[in-house]
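Heads up, the thing below is written out as structure tokens.
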Amino acid sequence: MTCTSKPRRTARAAVALATTLGTAFAVTGCTGSHEDAAAPRASASAPESSSAEQPIAAGEQCAGTTINRSAPITSSADILIDAPVDQVWDVHTDVERWDDWQPTVLTIERLDDGPFTSDSQFEWTTPVPETAFSPADTMTVTSSVQQLEPGKCLLWEGPGTGESIRIDKGIHLWTFTETDEGTLVHTEESWDAELLAALDEADAKTAGEQLGGGLEVWLDLLKAEVEAS
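Listed below in structure tokens is the structure:
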């Protein structure tokens, strides 16, 4: 099979999709600059083929719920923020202001009124840069909060759609732990999509690393915004 065959193009297009969806930071020249020896960075992987359930730590779930660890692409990242947990929580959950401090959030809109709760929904858009495998696009992500414990954790899920690409279901988990040094923020994300499920192991690993890079940048921007205020 040559590198220009349709199956290979499909696989590479899936990697390009994973590279750009919802984490366009990683491919638009906006990369994380914060380095903190005390704060773990991202880890990314394709799910193992074994169907055995892996134990999930308390800091990796919200109200007993977590990401889809069997999804084609998963990744996680952590950062330590020099601020109390309430301050970090308030900045992160004020979703209507995301576009003030996240360059690749083009628009953001709450779909419900009142306090941010476990029933909240929001819709946001992010650019998908042109690649060798797909044209430039704009992805619309509709996020529905599934679990929320104020000051501790939240989890949202939903699809991401563009004119040429789609993620059927993304799940994003956030946990916040107060420490003597500040607030430890842990995040994990999983992506389900037909194209991603067709990836071989090497391409899935590449896609997971790209997702992890986007998570790192989100955390770096959150840290900068919180500590600046």
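FYI, the numbering for the sequence shown is -26 to -1, 1 to 203, going by mature numbering (1 follows the signal peptide of the UniProt record, and there is no 0). C-beta atoms are modelled at their ideal positions from N, C-alpha and C, and glycine is treated no differently. Keep in mind the model is a prediction, meaning the values are calculated, not measured.
In the DSSP assignment, what are the bridge partners of Gly101?
For the purposes of this step, residue 101 is taken as the residue at position 127 of the sequence shown. Here residue 101 turns out to be Pro, not Gly, going by the sequence shown. Its beta-bridge partners are Thr112.
Checking the sheet assignment: what are the DSSP bridge partners for Arg84?
For this step, residue 84 is matched to residue 110 along the sequence shown. Its beta-bridge partners are Phe96.
DSSP has Asp64 in a bridge; who is on the other side?
The residue given as residue 64 occupies position 90 in the sequence shown. None, per the DSSP bridge assignment.
So what does DSSP say about Lys126, is it helix, strand or coil?
Locating residue 126 in the sequence shown gives position 152, counting from the first residue. The answer is coil: DSSP assigns Lys126 none of H, G, I, E or B.
Taking 7 Å as the cut-off, decide whether the C-beta atoms of Gly134 and Ile145 are in contact.
Locating residue 134 in the sequence shown gives position 160, where the first residue counts as 1. Locating residue 145 in the sequence shown gives position 171, where the first residue counts as 1. No, the pair does not count as a contact, with Cβ atoms beyond the cut-off.
Which class does Thr40 belong to by DSSP, given the choice of helix, strand or coil?
On the sequence shown, residue 40 is found 66 positions in, with the first residue counted as 1. Here Thr40 sits in coil by DSSP.
I want to see whether chain C comes within less than 7 Å of Val79, judged by CB atoms only; does it?
Here chain C cannot be found, since the structure has a single protein chain.
With Thr112 and Thr91 assumed to form a contact (beta carbons below 8 Å), what rounded beta-carbon distance in angstroms separates them?
Here residue 112 is taken as the residue at index 138 of the sequence shown, counted from 1. Here residue 91 is taken as the residue at index 117 of the sequence shown, counted from 1. Their Cβ separation, rounded to whole angstroms, is 28 Å, which puts Thr112 and Thr91 out of contact at 8 Å.
Following the continuous beta strand (DSSP E) through Gly156, name the residue where it begins and the one where it ends.
Here the question's residue 156 lines up with position 182 in the sequence shown. From DSSP, the beta strand (DSSP E) with Gly156 extends over Gly156 to Asp166.
Whole angstroms are fine: how far does the CA of Glu201 sit from the CA of Val62?
The residue given as residue 62 occupies position 88 in the sequence shown. The residue given as residue 201 occupies position 227 in the sequence shown. Cα-Cα distance, rounded: 9 Å.
Secondary structure at Glu137, three-state DSSP: helix, strand or coil?
The residue labelled residue 137 in the question sits at position 163 within the sequence shown. DSSP places Glu137 in coil when its eight states are reduced to three.
Give the DSSP-derived three-state secondary structure of Gln121 in the structure shown.
Your numbering for residue 121 matches position 147 in the sequence shown. Looking at Gln121 - three-state DSSP - the assignment turns out to be strand.
Distance, Cα to Cα, Gly132 vs Glu168?
The residue labelled residue 132 in the question sits at position 158 within the sequence shown. The residue labelled residue 168 in the question sits at position 194 within the sequence shown. Roughly 15 Å separates the two Cα atoms.
On the premise that Thr157 lies in contact with Gly59, defined as a C-beta separation below 8 Å, what is that separation, rounded to the nearest angstrom?
Numbered from 1 along the sequence shown, position 85 holds the residue referred to as residue 59. Numbered from 1 along the sequence shown, position 183 holds the residue referred to as residue 157. The amino acid occupying residue 59 in the given sequence is Val; Gly does not appear at that position. Val59 to Thr157, Cβ: 5 Å. Contact.
Write down the C-beta distance between Glu123 and Cys36 rounded to the nearest angstrom, noting that I regard them as a contact closer than 8 Å.
By 1-based counting over the sequence shown, the position of residue 123 is 149. By 1-based counting over the sequence shown, the position of residue 36 is 62. Right, their Cβ atoms sit about 6 Å apart.
For Ser203 and Thr153, I'd like the C-alpha separation in whole angstroms.
Working through the sequence shown from its first residue, we reach residue 203 at position 229. Working through the sequence shown from its first residue, we reach residue 153 at position 179. For Ser203 and Thr153, the distance between alpha carbons rounds to 19 Å.
Please return the same chain residues whose Cβ sits closer than 7 Å to the Cβ of Trp130, not counting the five positions on each side in sequence.
As a first step, residue 130 must be located in the sequence shown, where it is residue number 156. Same-chain partners within the cutoff: Ser117, Ser118, Val119, Gln120 and His146.
Rounded to whole angstroms, how far is the Cβ of Pro46 from the Cβ of Leu170, which I believe are closer than 8 Å?
Locating residue 46 in the sequence shown gives position 72, counting from the first residue. Locating residue 170 in the sequence shown gives position 196, counting from the first residue. The pair is a contact, with the Cβ atoms about 4 Å apart (cut-off 8 Å).
With C-beta atoms as the reference, is Asp166 less than 7 Å away from Lys143?
Residue 166 sits at position 192 when you count from the first residue of the sequence shown. Residue 143 sits at position 169 when you count from the first residue of the sequence shown. Their beta carbons are under 7 Å apart, which means Asp166 touches Lys143 by this criterion.
Taking DSSP as the reference, what is the three-state secondary structure of Ala202?
Translated into positions along the sequence shown, residue 202 becomes position 228. Residue state, collapsed to three classes: helix.
Quick one: what's Thr91 bridged to in DSSP?
Locating residue 91 in the sequence shown gives position 117, counting from the first residue. In the DSSP output, where bridge partners are listed per residue, Thr91 has none listed.
Determine the extent of the alpha helix (DSSP H) in which Asp74 is found, giving its start and end residues.
Translated into positions along the sequence shown, residue 74 becomes position 100. Element bounds for Asp74: Trp72 to Trp75.
Assign Gly38 to buried or exposed, taking buried as 16 or more other Cβ atoms, counted over all protein chains shown, within 10 Å of its Cβ.
What you label residue 38 is simply residue 64 of the sequence shown in a count that begins at 1. So Gly38 counts as exposed.
From the DSSP output, read off the bridge partner residues of Thr148.
If you number the sequence shown from 1, residue 148 lands on position 174. A small fix is needed here, since residue 148 is Trp in this sequence, not Thr. Its beta-bridge partners are Leu128 and Thr161.
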